[in-house]
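Below is one structure, written out as structure tokens, with a few remarks after it.
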Amino acid sequence: MTLAVSGLTFPCHRLTVGRRSSPVQTREQSEEQCTDVHMVSDSDGDDFEDATEFGVDDGEMFGVASSALRKSPMMPENAENEGDALLQFTAEFSSRYGDCHPVYFIGSLEAAFQEAFYGKARDRKLLAIYLHHDESVLTNVFCSQMLCAESIVSYLSQNFITWAWDMTKEANRARFLTMCTRHFGSVVAQTIRTQKTDQFPLFLIIMGKRSSNEVLNVIQGNTTVDELMMRLMAAMEIFSAQQQEDIKDEDEREARENVKREQDEAYRISLEADRAKREAQEREMAEQFRLEQIRKEQEEEREAIRLSLEQSLPPEPKEESTESVSKLRIRTPSGEFFERRFLASSKLQVVFDFVASKGYPWEEYKLLGTFPRRDVTQLDPNKSLMEVKLYPQETLFLEAKE
Numbered sequence: 145m146t147l148a149v150s151g152l153t154f155p156c157h158r159l160t161v162g163r164r165s166s167p168v169q170t171r172e173q174s175e176e177q178c179t180d181v182h183m184v185s186d187s188d189g190d191d192f193e194d195a196t197e198f199g200v201d202d203g204e205m206f207g208v209a210s211s212a213l214r215k216s217p218m219m220p221e222n223a224e225n226e227g228d229a230l231l232q233f234t235a236e237f238s239s240r241y242g243d244c245h246p247v248y249f250i251g252s253l254e255a256a257f258q259e260a261f262y263g264k265a266r267d268r269k270l271l272a273i274y275l276h277h278d279e280s281v282l283t284n285v286f287c288s289q290m291l292c293a294e295s296i297v298s299y300l301s302q303n304f305i306t307w308a309w310d311m312t313k314e315a316n317r318a319r320f321l322t323m324c325t326r327h328f329g330s331v332v333a334q335t336i337r338t339q340k341t342d343q344f345p346l347f348l349i350i351m352g353k354r355s356s357n358e359v360l361n362v363i364q365g366n367t368t369v370d371e372l373m374m375r376l377m378a379a380m381e382i383f384s385a386q387q388q389e390d391i392k393d394e395d396e397r398e399a400r401e402n403v404k405r406e407q408d409e410a411y412r413i414s415l416e417a418d419r420a421k422r423e424a425q426e427r428e429m430a431e432q433f434r435l436e437q438i439r440k441e442q443e444e445e446r447e448a449i450r451l452s453l454e455q456s457l458p459p460e461p462k463e464e465s466t467e468s469v470s471k472l473r474i475r476t477p478s479g480e481f482f483e484r485r486f487l488a489s490s491k492l493q494v495v496f497d498f499v500a501s502k503g504y505p506w507e508e509y510k511l512l513g514t515f516p517r518r519d520v521t522q523l524d525p526n527k528s529l530m531e532v533k534l535y536p537q538e539t540l541f542l543e544a545k546e
């Protein structure tokens with residue numbers, strides 16, 4: 145736009161420059177300065193060059209006029225949800241200054257603390273809090289020329305978590321001061337409270353410590369890219385020294401915890417092995433007791449059967465008996481012999497019962513004859529000794545069944 149098109153009269157136009165007043169202030173209360181601006185032009189107008197040819201944007205030249213043209217606030221007034229407020233802030237910031245800007249953390253200030261300060265020491269970062277103010281004449285230049293400079297954006301992205309807040313509206317300003325008092329103390333809150341509008345924007349550099357959060361630097365808007373970078377790098381130097389100490393402490397603590405975990409694990413394994421050994425011994429003892437009980441019960445049962453068979457045997461006939469008598473001599477597996485007389489008319493079962501009464505049940509032992517060799521237990525137990533040819537005498541052998 146040329147000066148002529150803008151409505152400035154030639155060759156002299158009277159301009160008024162004054163501090164922009166708030167809505168409640170009257171024009172009479174503002175301090176104004178007046179000056180005469182003289183313009184020179186020839187009839188052809190060839191010597192006049194448009195300001196845009198020098199790469200100067202109207203908004204950068206006239207910060208007040210640019211602010212007046214903005215329709216959307218950076219952040220809603222009385223924002224209840226900080227995450228939603230930061231989403232609007234980021235969108236409006238991009239629409240005004242382009243997409244090359246710091247990546248603003250979306251979430252509450254407490255969440256930004258958690259992200260920056262409370263991870264592992266190697267992953268921690270500084271926290272940068274950008275405090276915006278639309279009514280400051282410095283805001284437009286600070287945002288477009290410094291905050292959006294590629295070097296600043298890259299450095300912040302690598303080393304900082306960046307969180308933002310809009311201080312333009314009184315309600316939002318009061319809310320941030322409350323948060324500031326809670327997290328940084330009343331001294332820092334008072335420092336920010338006393339900052340004048342034209343000292344904004346502010347850039348707060350915060351470093352997390354074990355017991356509290358420390359404000360390393362408060363950078364005002366009237367700075368340069370080089371000065372801003374130097375102050376960011378100075379803060380990083382302080383932070384790096386603290387971070388190295390934290391990393392060392394964390395490594396030593398983790399080493400102690402690892403040793404303790406290994407000791408605890410070894411102790412647990414030892415206890416587990418002792419418990420398993422004790423349980424195995426208890427199971428073995430219980431099994432031995434069970435088997436012993438079974439053995440005793442079997443022995444008691446066998447003894448009861450033996451006694452029953454012994455008592456059921458018919459009386460042994462005398463040698464001078466007038467009836468036919470068979471004399472049997474039986475050899476045990478251990479080499480011992482026992483003898484008994486039976487009536488020749490007695491059934492073979494009586495011999496089996498006699499052998500069982502001596503502890504050799506026929507279910508477990510075979511009764512073998514010698515001449516001819518035969519398994520007597522395979523014969524009919526209901527036949528008489530005479531019928532199975534165990535008369536008048538016979539020597540038999542006991543052999544365990546396989």
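The sequence shown begins at 145 in the numbering used here and counts up one residue at a time. All C-beta atoms in this analysis are idealised placements derived from N, C-alpha and C, irrespective of residue type, glycine included.
- Bridge partners of residue 470 according to DSSP: 486.
- Taking a contact as a CB-CB distance under 8 angstroms, the pair residue 365 and residue 282 counts as one, their CB atoms being some 4 angstroms apart.
- Setting aside the 5 residues that flank it on each side, residue 504 is surrounded in the same chain by 542, each with a C-beta closer than 6 angstroms to its C-beta; the list follows chain order.
- Inter-residue distance for residue 335 and residue 402 is about 45 angstroms (C-alpha atoms, whole angstroms).
- Per DSSP, residue 401 is not a residue of any beta strand (DSSP E); the alpha helix (DSSP H) it occupies stretches across 369-456.
- In the three-state DSSP reduction, residue 334 falls in the helix class (H, G or I).
- Burial is judged here by how many other beta carbons sit within 10 angstroms of a residue's own beta carbon; residue 262 has fewer than 16 and is exposed.
- DSSP places residue 276 inside the beta strand (DSSP E), whose first and last residues are 270-276.
- Ranked by how close their Cα comes to the Cα of residue 246, the residues 461, 343, 290, 216 have 290 in first place.
- Distance from residue 260 to residue 268 at the Cβ level is roughly 7 angstroms; contact confirmed, criterion being Cβ atoms closer than 8 angstroms.
- Residue nearest to residue 277 within the set 293, 257, 308, 349 is 308 (criterion: CA-CA distance).
- With 16 or more neighbouring CB atoms inside 10 Å of its own CB, residue 499 falls in the buried class.
- The Cβ atoms of residue 357 and residue 327 sit closer than 9 angstroms to each other.
- The stretch 234-248 makes contact with the stretch 299-318; the number of CB pairs closer than 8 angstroms reaches 3 or more.
- Take residue 347, set aside five residues on each side of it, and the residues of its chain with a beta-carbon closer than 7 angstroms to its own are 272, 274, 363, in chain order.
- Under the three-pair Cβ rule at 8 angstroms, the stretch 464-480 does not count as touching the stretch 414-432.
- Rounded to whole angstroms, the separation of the alpha carbons of residue 407 and residue 396 is 16 angstroms.
- Looking at the backbone, the Cα of residue 443 and that of residue 434 are separated by about 14 angstroms.
- If you draw a straight line from the Cα of residue 501 to the Cα of residue 456, it comes to about 10 angstroms.
- Judged by beta-carbon spacing, residue 270 lies within the 9 angstroms limit of residue 383, meaning their Cβ atoms are closer than that value.
- For the pair residue 489 and residue 438, the Cα-to-Cα distance works out to about 40 angstroms.
- Annotation: the continuous alpha helix (DSSP H) that includes residue 493 extends over 492-501.
- If you draw a straight line from the Cα of residue 381 to the Cα of residue 390, it is about 14 angstroms long.
- Contact between residue 486 and residue 494 holds: their C-beta atoms lie close to 6 angstroms from each other, under 8 angstroms.
- Counting C-beta atoms within 10 angstroms of its own C-beta, residue 458 has fewer than 16 neighbours from the protein chains shown and is therefore classed as exposed.
- Looking at the DSSP output, residue 537 sits in a beta bridge with 471.
- Rounded to whole angstroms, the separation of the alpha carbons of residue 483 and residue 534 is 13 angstroms.
- For residue 226, the CB contacts under 6 angstroms within the same chain, skipping 5 residues up- and downstream, are 252 in chain order.
- Taken in chain order, the unbroken stretches of alpha helix (DSSP H) that lie wholly in the stretch 275-349 and span 4 residues or more are 294-303, 314-328, 330-337.
- For residue 361, the pairing in a beta bridge is given by DSSP as 349.
- DSSP places residue 511 in the uninterrupted beta strand (DSSP E) bounded by 509-513.
- Annotation: residue 524 is outside any alpha helix (DSSP H) and is labelled neither H nor E by DSSP.
- Under the three-state reduction of DSSP, residue 542 is assigned to strand.
- Cβ-Cβ separation between residue 521 and residue 511: approximately 5 angstroms, consistent with a contact (criterion under 8 angstroms).
- Taking all protein chains in view, the Cβ of residue 244 is surrounded by fewer than 16 other Cβ atoms within 10 Å, so the residue is classified as exposed.
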